[in-house]
Structure formats: C-alpha cells, structure tokens
Amino acid sequence: MVLARKTSPGAPAPDPGWSATSLALLDDIYSRPSPAESTAEAPLTIAKFHAPEIVFGDGALAEAGHAAGRLGARRPLLVTDPGLLATPWVGELLRHLRDADLHPVVWSGVTPNPKDHEVAAGYEKYLEAGCDVIMGIGGGSVIDAGKGVALLAANGGSILDFAGVDRSRQPIPPLVMMPSTAGTGADVSQFCIVTDTTHNTKITIVGRTLVPDVSVIDPRLLTTMPEWLAAATGLDALTHGIEAFVSKAHNPLTDHHALNSIALVNGNLVRTIDSPGESASRLLMAQASLEAGLAFTNAILGAAHAMSHQVGGLLDLPHGVINGVLLPHVVRFNALADPRRYVVIGKAMGIPAEGATDEEVALAVADKVRALADDVGVPRGLGELGVTAEHLPVLAANTLHDACLATNPRPATAREVEALFRAAL
C-alpha cells in the first residue's frame, strides 16, 4: 500500500513524552465520579497487570539466543515473513541463535493479517521439525501467527476453536518475540488476531497464556520499515493508547502507559517517517509501541478495534490504516456520553484546554488524530480502501461479536455501529 503524505516543512525535535507534572490531571479525573457512578459508590476493583520480560535497546537482538536458552530451547521455530527475510535482521538473529548453541528452524509462510490456514501450516512445520520454543521476528502478523502455532502445539484442533477469552486448555510452548515495527504491541499482549478465511472476518483470541515470555525490542529493526508501514503501525499504537485510556477496564496501572504512548506517538511518528535512521525518535517510537501494548493488553480496547478487525478481515487491509480512519469517529461517538477522559488525552497531545469545555477538548482530540493521519498519508474515508455501503450491515453485525467492543466506554447497537461505519466512508 502506498500512502499519500503531505509535504512536511521539517519534523519537530523528538518528544520525550508525557510530563510527570501533568499527571495531576489524573488526580482530578479519579476524584470526580463519572456520570455512570454519580448515583452509586464506585466498586472496589483489583487490578492485574500482565507483562513479559522485556529486553530493550539498540543491539538487543544479541540477547535473543540467551533468552530462548533460559526457556529450554534447543530447536526453536523462528517465525518470520518474506519481507523480513529480505532485511539483514533474520540473518543476524540466526547467527546469535547459533552462537548460543541453538538449532533454529525458519518458517516464513506468514502474510499480512495471518490466515487460519497459515497458522495450521506453521503448526505442521513445528511438529515436523521437533521444535520446542517459538520465536518470532517481524510485525504483528508474524507475532500473532507464532502465538497461533503455540496454541495448536499445546491443544491441537483448529485455530478458530480458540476465538474468545481463555480457551486454551493446556500450557503453550515458551514464546520469545522480536518486533520489527513500532505499533502493534503484539510482543507484550495477550491478544492473537487471525483471519477466518471461510467467513472473511477476523477472530480475536485473548488469554493470559498468550503473553510472550520475553520481548526483545531492538529499535534498529525499525529502520527497514516501508514508510506506509511505519505510518500504519504508529497509528495503531496511538489507537491502542487512546482506547486503553478510556476503556471500561482501565486502571491506574494502565493509565500512565497509555498516556505516555499517546504523547510519544504524537511527538515522534512523523519524525521517524521523515528520518528513520535517527536514533532518538526511533527509540521513542519503539517505547511508544511497548507502552501502548502494556496498556491495552491489560485494559483491553474499544469500538475502533472491534470495527477495524472486521474491515481487515473482509478486505485484507493494513490494520493501522483502518484504525487511522475509524478512530476520530469513535472518539466523537464516545465523547457524547462522557468526554472527561479525553481532556487528559488532549493534554498529552498538547491540545490547549483553558477556556474550553470538556466536549470541545474531546472533539479537538478527534481532529488532532485526523490531522496526524493526514500528515502520514492515511485516506480520509473507508471508501478509498474499498469499503462500500453494501458491506456495512455485515461489518456492523460482526463488530457486535468482537471482544474489544465489550470494554468500549459507550455501549453501541448494531444501528449505531453501522452509522459509525457510514460516517467513516
């Protein structure tokens, strides 16, 4: 996919993210009851926070072999894709693994938006080669495919059997993931998204067992991303941060990560596209992806992702690009019910709030998201991606079954979801 970018006069300096002094806004938002809680005492909740071991920094790829060895690897299955094979990273990783006395088996049969039959093929490769640990180097599609292989290695059956929450019956093989993009967060999440090729939709698999054991994040890998992929995955990270912060399942442990990821993407995405070799902004976008992943895997997501999964499954399109189109519409929809948390998001994005109502700031957040999408060349409507009015009823109906919709801060009916799709055309 080629995105039509605006010409930029020059990107700003790298933005280190959310200012700690601005966290006072969180104190205010937690001290005021939301409309839903104003007539009853808010329930006491216990927060769980899932996270893998994380190895982060330029050159971290050299640690992957030691990480896999600690997990008992002798013959790891290395999942990747043809695009990564054409970069230096797979060859470098294989050298590191062999230096650690491992005997990796490479499987590269993954396409964007991994398909059910691809996961089945990866499982056959795993069995045939007698593998033990699963490693993945690539974007979210590669990492999700690796998780799918692990589910089948432990449980057998079809990957479609695991749609929903906590459907795995057995412990899965250890997972070591190395992301080559800055946005999906799959390397730290409990999500696995796979395309059901019979029904042309995506299934969402959620479970604590899917959180990788180790995430090895080497920002050098971001230098070989195509421009369109940097844009798409960066907008995916932004969507993760925003949806996690307003999610019904958010908590104080997720909020800081969500806000910092929003600020980091807002301050650095354009610069990393314009200057992919610049270390400072590239490191910050890798951090943005990581923090957004930690936020959404624990707070879950919302309507933008529930809707995006359906479009991606139907038309096999880049997930982050679809998010960039849908997110402003979902922000406006949610803000009509309660705009308060978007005020904090607005602060993280540098939107002035003095003298403005909460509703005005929330709408400014939606506009800011759209402006960033314009800057990186994302189409303004789903129609430019191939969605037609005839698709909308099916897309809306399928959205209602997506697990991400359950934590959207505002309930949505099929008619309301279809209206959102129509507005995004």
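Throughout, my numbering is defined as the position within the sequence shown, counted from one, plus 76. Ideal Cβ placement from N, Cα and C applies to all residues, glycine included.
Anticipated Cβ contact below 8 Å, residue i with residue j, distance rounded
i      : j      : result
ALA306 : ALA334 : In fact, because the Cβ distance is near 21 Å, the residues do not count as touching under 8 Å.
ALA375 : THR330 : 4 Å
PRO250 : VAL292 : With 8 Å as the limit, PRO250 and VAL292 do not qualify as a contact, their Cβ atoms being about 13 Å apart.
GLY389 : THR257 : So it is not a contact: roughly 20 Å between Cβ atoms.
ALA229 : ILE248 : 7 Å
ASP294 : ASP134 : 6 Å
GLY224 : GLY259 : In fact, because the Cβ distance is near 20 Å, the residues do not count as touching under 8 Å.
PRO415 : ASP434 : 4 Å
HIS316 : ALA368 : 4 Å
TRP183 : VAL155 : 6 Å
VAL252 : MET211 : 5 Å
VAL181 : ARG150 : At roughly 11 Å, the Cβ-Cβ gap does not stay under 8 Å, so VAL181 and ARG150 are not in contact.
LEU345 : VAL452 : 7 Å
VAL463 : LEU79  : Contact doesn't hold; Cβ gap of about 17 Å is too wide.
LEU377 : ALA308 : Going by Cβ atoms, the distance from LEU377 to ALA308 rounds to 17 Å, so no, they are not a contact pair.
Segment limits, alpha helix (DSSP H) that includes residue i
i      : result
VAL387 : 379 to 391
VAL292 : Where VAL292 is concerned, there is no enclosing alpha helix (DSSP H), although the beta strand (DSSP E) it sits in stretches over 290 to 293.
THR475 : 468 to 475
ASP272 : No alpha helix (DSSP H) contains ASP272, which is instead part of the beta strand (DSSP E) from 267 to 272.
PRO404 : 395 to 411
LYS423 : 416 to 424
PRO485 : Unbroken run through PRO485: none, as it is neither H nor E.
Neighbourhood of residue i by C-beta, 7 Å cutoff - its chain only, sequence neighbours within 5 removed
i      : result
ILE269 : ASP220, LYS278, THR280 and HIS385
PHE238 : LEU227, SER244 and ILE281
GLN246 : ALA230 and ASN231
HIS172 : LEU137, ALA138, ALA140 and GLY141
GLN363 : LEU340
GLU168 : LEU137
Residue closest to residue i, alpha-carbon to alpha-carbon, out of the options
i      : options                           : result
ASP350 : ALA205, TRP304 and ASP134         : TRP304
ALA449 : ILE427, ALA144 and LEU402         : LEU402
LEU161 : ALA176, GLU436, GLY185 and ILE338 : GLY185
ALA442 : ALA500, GLU460 and LEU203         : ALA500
PHE125 : ARG150, PRO152 and GLN266         : GLN266
PHE132 : ALA197, LEU468 and MET254         : MET254
ALA424 : SER337, ALA472, SER357 and VAL346 : SER337
HIS381 : VAL181, SER323 and SER357         : SER323
ALA339 : ALA411, ALA356 and ILE318         : ILE318
LEU458 : LEU311, LEU297 and LEU391         : LEU391
ALA411 : GLY400, VAL420, LEU439 and GLY431 : LEU439
ALA176 : ALA144, VAL454 and LEU481         : ALA144
LEU461 : GLY426, GLY396 and ALA447         : GLY396
LEU297 : VAL407, ASP289, GLU200 and GLU354 : GLU354
SER399 : LEU377, GLY215 and ASP312         : Going by the sequence as given, residue 399 is Asn instead of Ser. Of the listed residues, the one whose Cα sits closest to ASN399 is ASP312.
HIS477 : THR163, GLY240 and MET361         : GLY240
ALA196 : GLY233, ALA482 and THR373         : GLY233
ASN276 : CYS480, ALA479, ASN474 and ALA482 : ASN474
As assigned by DSSP and simplified to three states, the class of residue i
i      : result
LYS324 : coil
CYS480 : helix
GLU200 : helix
GLU76  : No answer is possible for residue 76: it lies beyond the span of the chain, which begins at 77 and ends at 501.
VAL170 : As written in the sequence, residue 170 is Leu, which differs from the Val given in the question. Reduced to three states, the DSSP call for LEU170 is helix.
GLY283 : coil
THR277 : strand
ALA495 : helix
GLU117 : Unreliable placement is indicated for GLU117, whose pLDDT of 47 sits below 50; no coordinate value is reported for it.
LYS444 : helix
GLY141 : helix
VAL241 : strand
ASP223 : A small correction: the amino acid at residue 223 is Lys; Asp does not occupy that position in the sequence shown. DSSP places LYS223 in helix when its eight states are reduced to three.
LYS191 : strand
LEU340 : helix
GLU430 : coil
GLY462 : coil
SER524 : This structure gives no information on residue 524, because the portion of the chain shown stretches from 77 to 501.
SER98  : Because the pLDDT of SER98 is 47, which lies under 50, any placement of that residue in the model is unreliable, and the number read from its coordinates should be weighed accordingly. Looking at SER98 - three-state DSSP - the assignment turns out to be helix.
GLY206 : coil
PRO92  : coil
Boundaries of the beta strand (DSSP E) in which residue i is found, first to last residue
i      : result
GLU506 : Nothing can be reported for residue 506: it is not among the residues displayed for the chain, which extend from 77 to 501.
LEU153 : 153 to 155
PRO255 : 251 to 255
GLY212 : 210 to 214
VAL182 : 181 to 183
Sequence-distant residues of its chain with Cβ nearer than 8 Å to residue i (five each side left out)
i      : result
PHE409 : ALA379, ARG486, ALA488, GLU492 and LEU496
GLU494 : LEU468, PRO469, LEU471 and ALA472
SER217 : ASP157, VAL186, THR187, PRO188, ASN189 and PRO190
Heavy atom of the ligand MN within 7 Å of residue i beta-carbon
i      : result
ALA306 : As for the ligand MN, it is missing from this structure, which has no ligand bound.
Cut-off 6 Å between Cβ atoms - residues of its own chain near residue i, not counting five sequence neighbours on either side
i      : result
LEU314 : VAL341
VAL445 : LEU403 and PRO404
GLU204 : none
PRO352 : THR299
VAL287 : HIS126, PRO128 and GLN266
TYR418 : ALA411, ALA438 and VAL441
ASP91  : GLY343 and ASN344
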